[in-house]
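Colleague:
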């Protein structure tokens, strides 16, 4: 039976991975009716198993249409929490006063709205990265801000490392405001105005890659480093394999290394199995393979 003190009849958690799992665990201790909608491309056995071990949490993996049709069929007031969720919540739900919906975004909005924000943050050589929990509106990543957290970026940060760090930051923030969220007493703030001429405010789609996934050997070494680290999601290869044009042919960059260089002259040269770049006090080695 629903606790009459609860403001929401049902909580719908839509997401993937460790962050969604941790949010579900925390929610299970605070609410008695939670639906966990797995947003992976296929059913996740570890998320299903995890949910089976939690009280008040029901797991489901559904195709996109069935997922949102199911949410629409829920009765009463519904809280939707989007945590590493690739789906856009339909307007018919966002505009319905029965629903309140919040989302995690992997940047300091309004910077880098859209997909793979951690990669664009690194590629654009931002000094800081961060996360934003915000209210969901019909315009993507434009809703009022609940809270933000930020961290400095160093020259070793890859997209995969940053994404994992951001998820840790996101959970800490979620934990800090959850009680107010469940009481429906959160305070919000409007996003700062957007500079339309600044590329960092551009909305990015999932198919986009920094410079189309191509490293330009005319760039500075610092820019090459930023590109390589932005493309680097480890084995997940979210943005695919980076490529470079060398001696008139396009090659995949199978591996790379970035180190310091205080002695060798600046420039681009051939090395065994690839290309060596020196400049900006660093040495970059690109291992190449046929496409």
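Residue numbers (my numbering): 245 to 535.
For glycine and all other residues, C-beta sits at the position ideal for the given N, C-alpha and C.
None of these values were measured; they are calculated from a predicted model.
Taking only the alpha-carbon atoms, compute the straight-line gap between residue 329 and residue 534 and give it to the nearest angstrom.
Modeller: Taking the first residue of the chain shown as position 1, residue 329 is located at position 85. Taking the first residue of the chain shown as position 1, residue 534 is located at position 290. About 34 Å.
Colleague: Can you find the residues in the same chain that come closer than 7 Å, C-beta to C-beta, to residue 265, ignoring five residues on each side of it along the sequence?
Modeller: Working through the chain shown from its first residue, we reach residue 265 at position 21. Here the set comprises 291 and 294.
Colleague: With DSSP as the reference, please indicate the residues paired to residue 338 in a beta bridge.
Modeller: In the chain shown, counting from the first residue as 1, residue 338 sits at position 94. None; residue 338 has no bridge partner.
Colleague: Using the Cα positions of residue 523 and residue 437, report the straight-line distance between them to the nearest angstrom.
Modeller: Here residue 523 is taken as the residue at index 279 of the chain shown, counted from 1. Here residue 437 is taken as the residue at index 193 of the chain shown, counted from 1. Taking the straight line from one Cα to the other gives about 37 Å.
Colleague: Residue 382 to residue 370, Cα distance in whole Å?
Modeller: Counting from one through the chain shown, the residue named residue 382 turns up at place 138. Counting from one through the chain shown, the residue named residue 370 turns up at place 126. If I take the Cα positions, the gap works out to 27 Å.
Colleague: Kindly list the residues whose CB is nearer than 6 Å to the CB of residue 386, restricted to its own chain and excluding five residues on each side of it in sequence; keep chain order.
Modeller: The sequence position of residue 386 within the chain shown is 142, counting from 1. Counting only Cβ-Cβ distances below 6 Å, and skipping sequence neighbours, we find nothing.
Colleague: Within 10 angstroms of its Cβ, does residue 254 collect 16 or more other Cβ (buried), or is it exposed?
Modeller: Stepping through the chain shown from its first residue, residue 254 is reached at position 10. When all chains shown are included, residue 254 counts as buried.
Colleague: So, for residue 449: in the same chain, excluding its five sequence neighbours on each side, which residues have a beta-carbon less than 8 Å away from its beta-carbon?
Modeller: Walking along the chain shown from the start, residue 449 turns up at place 205. Hits under 8 Å: 358 and 359.
Colleague: Looking only at its own chain, which residues have a Cβ that is under 7 Å from the Cβ of residue 417, when we skip the five neighbours before and after it?
Modeller: Position 173 of the chain shown holds residue 417. So the qualifying residues of the chain are 375, 377, 391 and 393.
Colleague: Does the stretch 333 to 342 come into contact with the stretch 292 to 311, if we say contact requires no fewer than three beta-carbon pairs (one atom in each stretch) closer than 8 Å?
Modeller: no
Colleague: Where does residue 392 sit, in a helix, a strand or coil, going by DSSP?
Modeller: Within the chain shown, the letter at position 148 stands for residue 392. DSSP places residue 392 in strand when its eight states are reduced to three.
Colleague: Answer with buried or exposed for residue 486, where buried requires no fewer than 16 other C-beta atoms within 10 angstroms of its C-beta.
Modeller: Here residue 486 corresponds to residue number 242 of the chain shown, with the count starting at 1. Counting Cβ neighbours within 10 Å, residue 486 comes out buried, since at least 16 surround it.
Colleague: For residue 256 and residue 455, what's the separation of their Cα atoms in angstroms?
Modeller: Along the chain shown, one-based indexing puts residue 256 at 12. Along the chain shown, one-based indexing puts residue 455 at 211. Rounded to whole angstroms, residue 256 to residue 455 spans 37 Å at the Cα level.
Colleague: Between the C-alpha atoms of residue 426 and residue 251, what's the straight-line distance to the nearest angstrom?
Modeller: Numbered from 1 along the chain shown, position 182 holds the residue referred to as residue 426. Numbered from 1 along the chain shown, position 7 holds the residue referred to as residue 251. Between residue 426 and residue 251, the C-alpha separation is close to 7 Å.
Colleague: Using 8 Å as the limit for Cβ to Cβ distance, is residue 268 near chain D?
Modeller: Absent from the structure is chain D; it holds one protein chain and no more.
Colleague: For residue 480, is the classification buried or exposed, using 16 other Cβ atoms within 10 angstroms of its Cβ as the cut-off for buried?
Modeller: Working through the chain shown from its first residue, we reach residue 480 at position 236. By the 10 Å Cβ count, residue 480 comes out exposed.
Colleague: Nearest by alpha-carbon distance to residue 388: which of 354, 459, 303 and 472 is it?
Modeller: The residue you call residue 388 lines up with position 144 of the chain shown. Looking from the CA of residue 388, the closest CA among 354, 459, 303 and 472 belongs to 354.
Colleague: Measuring only the C-alpha atoms, how far is residue 504 from residue 409?
Modeller: Taking the chain shown and counting its residues from 1, the one referred to as residue 504 is at position 260. Taking the chain shown and counting its residues from 1, the one referred to as residue 409 is at position 165. Residue 504 and residue 409: Cα-Cα distance of roughly 25 Å.
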